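Let me begin by presenting the structure, written as structure tokens, before commenting on it.
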Amino acid sequence: MMKTAIKIDNLTKKFGPKTAVNKVSFEIYDGELFGLLGVNGAGKTTTIRMLTGLSAVTDGDAEIFGHSIKKDLQKVKPIVNVSTQETAVAGNLTVKENLELIANIYGMKKNEMEESIESIVKSLELNEVLSQKAKTLSGGWQRRLSIAMALVTKPKVIFLDEPTLGLDVIARRELWNVVTSLKGKITIILTTHYLEEAEALCDRIAVMAKGNIMALGTAEELKKSVNKTNIEDAFIEIVGGEKK
Amino acid sequence: MRIRAFSSRNIKELLRDPISYIFCLGLPIVMLVVMTIINESIPDMEGAPKIFKIELLTPAMAIFALTFIMLFACIRVSSDRSDAFLTRLYASPMKSSDFIVGYMLPFGIIALAQVVITYVSGEIIALVKGDSLDIVNMLISIPFIIPSMILFISLGLIFGTLFNAKAAPGVNSAIITMAAILGGMWMDIDTLGGSWKTVCSCFPFYHSVKYARYAFNGNFSDLWESFLICSAFAAVIFIASITIFSLKVKSDKK
Numbered sequence: 001m002m003k004t005a006i007k008i009d010n011l012t013k014k015f016g017p018k019t020a021v022n023k024v025s026f027e028i029y030d031g032e033l034f035g036l037l038g039v040n041g042a043g044k045t046t047t048i049r050m051l052t053g054l055s056a057v058t059d060g061d062a063e064i065f066g067h068s069i070k071k072d073l074q075k076v077k078p079i080v081n082v083s084t085q086e087t088a089v090a091g092n093l094t095v096k097e098n099l100e101l102i103a104n105i106y107g108m109k110k111n112e113m114e115e116s117i118e119s120i121v122k123s124l125e126l127n128e129v130l131s132q133k134a135k136t137l138s139g140g141w142q143r144r145l146s147i148a149m150a151l152v153t154k155p156k157v158i159f160l161d162e163p164t165l166g167l168d169v170i171a172r173r174e175l176w177n178v179v180t181s182l183k184g185k186i187t188i189i190l191t192t193h194y195l196e197e198a199e200a201l202c203d204r205i206a207v208m209a210k211g212n213i214m215a216l217g218t219a220e221e222l223k224k225s226v227n228k229t230n231i232e233d234a235f236i237e238i239v240g241g242e243k244k
Numbered sequence: 245m246r247i248r249a250f251s252s253r254n255i256k257e258l259l260r261d262p263i264s265y266i267f268c269l270g271l272p273i274v275m276l277v278v279m280t281i282i283n284e285s286i287p288d289m290e291g292a293p294k295i296f297k298i299e300l301l302t303p304a305m306a307i308f309a310l311t312f313i314m315l316f317a318c319i320r321v322s323s324d325r326s327d328a329f330l331t332r333l334y335a336s337p338m339k340s341s342d343f344i345v346g347y348m349l350p351f352g353i354i355a356l357a358q359v360v361i362t363y364v365s366g367e368i369i370a371l372v373k374g375d376s377l378d379i380v381n382m383l384i385s386i387p388f389i390i391p392s393m394i395l396f397i398s399l400g401l402i403f404g405t406l407f408n409a410k411a412a413p414g415v416n417s418a419i420i421t422m423a424a425i426l427g428g429m430w431m432d433i434d435t436l437g438g439s440w441k442t443v444c445s446c447f448p449f450y451h452s453v454k455y456a457r458y459a460f461n462g463n464f465s466d467l468w469e470s471f472l473i474c475s476a477f478a479a480v481i482f483i484a485s486i487t488i489f490s491l492k493v494k495s496d497k498k
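Here it is in structure tokens:
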């Protein structure tokens, strides 16, 4: 039986009268690459923001490796990391300094930090830009650095919020390779509204619309559930069904 | 560890920005030179303004230079807030106090270096003119500047927290002008007297410049009133900056 990494129980977020995430419940397994799929405003980013402590929970709760995000957030924070939708790097710091900064903020010891940086630099092929200032990197490289900064702290869970948004097709495919290389080593929650991305990368996918989970399963299961042969048609059917 | 890492990042960001050298070091030194040249052009007669004399101008310039530290502290905070970098840090184990100290400490170190460089520049100008400033008084006066540093850095934090990256520099420019006029950096407020002096004494800038001049010239018996008033302002604004920043972090997480 697979170990549960994240257990979400009736998680709800309201902004005034508007419900952004509506009593969402599901589980994500340890080492799984889990996709949150949905159109803009579906509630994907809000769900991630609550799970990472960036947004207060209105109702419900979630446990990450047994720690409640409502009661034990300070125990959750050291074991998770996030790569936000926008590239979050310190522009005047070099790639290496950015990695050191985050490692130090998460309290890593010097030896552990050096070892982790070496490993991340190797796996994400950052060596050629290691002493380059972050602001001089292209969008694709900055996004890669942003993911490296999320990985350098050796989190048990990493949240990748639309990691390929705004990237060209080459940079996107390179990032796919990076994400694929992490599969099984770490629990990854990836939000995207690129259907082919979710299908290519994710072990399981949750389709969100208007704050609700409309369907959950593997890409194949989602297609079968609505008798469609491609993920785009399946997605439209699943999300469109909600509008009826 | 967290504070040290974040402070180190903030120092690097500031030191690697060439504009910061122009404003934080270049401009005060240029002003010191220009004002000295203007002073040399004024005939040395009774009633001639004394505030451009190097022993009064140098400490005023040191305070004026702190307004640019305020500007850069404000830009740093507002820029961090406007991009996703601060969001990443909000998700990390960093606490509000780590952010506050992590911002205050590096700007305090830079401000201290700036005061020393301004004083050394004043001494060099004095030597070129054939005068000399009292180095012992100069050294003793440096710690007295700390409340003014806290005051201006805290103001920078407040404006950086309240305004976005586009609005913050504009608001700061207004405060820099206000500090220069109300602080009596270019005019002798005590000689002007009257209601203008009353207005100026309601703000911390006047007291900041006044006690800095007293301290720089070794007049330690007269500086305490202005020093204590400025320190009280600094304490209140420092607490306000912590409160405003902490509230903003909470509201960002709503």
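Those protein sequence lines, which keep their order, are chains X and E. Using our numbering, read the first sequence as starting at 1 and increasing by one per residue. Using our numbering, read the second sequence as starting at 245 and increasing by one per residue. Each residue gets a CB set at the ideal place from its N, CA and C atoms; glycine is no exception. Computed from a predicted structure; not experimentally measured.
Here I120 (chain X) is actually not in contact with L101 (chain X); their C-beta atoms are around 13 Å apart, not less than 8 Å. Take the alpha-carbon of Y347 (chain E) and the one of I255 (chain E): they are about 9 Å apart.
Shortest Cα-Cα distance from T302 (chain E) to any of E:A317, E:Q358, E:F482 involves E:Q358. A Cβ-Cβ distance of about 11 Å is found for the pair L124 (chain X) and R143 (chain X), leaving them out of contact under the 8 Å criterion. Beta-bridge annotation (DSSP): Y363 (chain E) is not paired with any residue. Using beta-carbon distances, V82 (chain X) counts as an interface residue toward chain E, with a partner under 7 Å. At a cut-off of 7 Å between C-beta atoms, S131 (chain X) does not count as an interface residue with respect to chain E.
Among the residues of chain X, those whose CB is under 9 Å from the CB of F250 (chain E) are L101, N104, I105, following chain order.
Residue environment: T192 (chain X) is assigned as buried (16 or more neighbouring CB atoms within 10 Å of its CB, all protein chains considered). At a cut-off of 7 Å between C-beta atoms, P17 (chain X) does not count as an interface residue with respect to chain E.
Closest by C-alpha distance to S181 (chain X), out of X:L201, X:T52, X:K133, X:A90, is X:L201. In this structure, A478 (chain E) and L401 (chain E) do not form a Cβ contact; the two beta carbons are roughly 12 Å apart against a cut-off of 8 Å. Under a 10 Å Cβ-count criterion, C446 (chain E) is classified as exposed, with fewer than 16 other Cβ atoms of the shown protein chains found around its own Cβ. With distances taken between CA atoms, S252 (chain E) lies nearest to E:F351 out of E:D466, E:I486, E:F351, E:F489. For L11 (chain X), the three-state secondary structure derived from DSSP is strand. In summary, no residue of the region 385-398 of chain E has a CB separated from any CB of chain X by less than 8 Å. Apart from the 5 residues on each side of it in sequence, Q132 (chain X) sits with its Cβ closer than 8 Å to the Cβ of T94, V95 in its chain, given in chain order. Scanning its chain for C-beta atoms nearer than 7 Å, with the 5 sequence neighbours on each side dropped, one finds around A412 (chain E) the residues C318, I319, S322, F403, G404, in chain order.
S55 (chain X) reaches chain E at K497, K498, counting residues in chain order whose Cβ is nearer than 8 Å. Interface annotation for the region 245-274 of chain E against chain X: M245, R246, R248, A249, F250, S252, R253, K256, E257, R260, D261, criterion Cβ-Cβ distance under 8 Å. Taken atom to atom, the span from the alpha-carbon of A198 (chain X) to that of I397 (chain E) is near 47 Å.
In this structure, G107 (chain X) lies away from M338 (chain E), with their beta-carbon atoms at least 7 Å apart. Taking all protein chains in view, the Cβ of R457 (chain E) is crowded by 16 or more other Cβ atoms within 10 Å, so the residue is classified as buried. Each residue's CA atom was taken as its position, placing A234 (chain X) and F329 (chain E) some 36 Å apart. Under the three-state reduction of DSSP, M2 (chain X) is assigned to coil, being neither helix nor strand.
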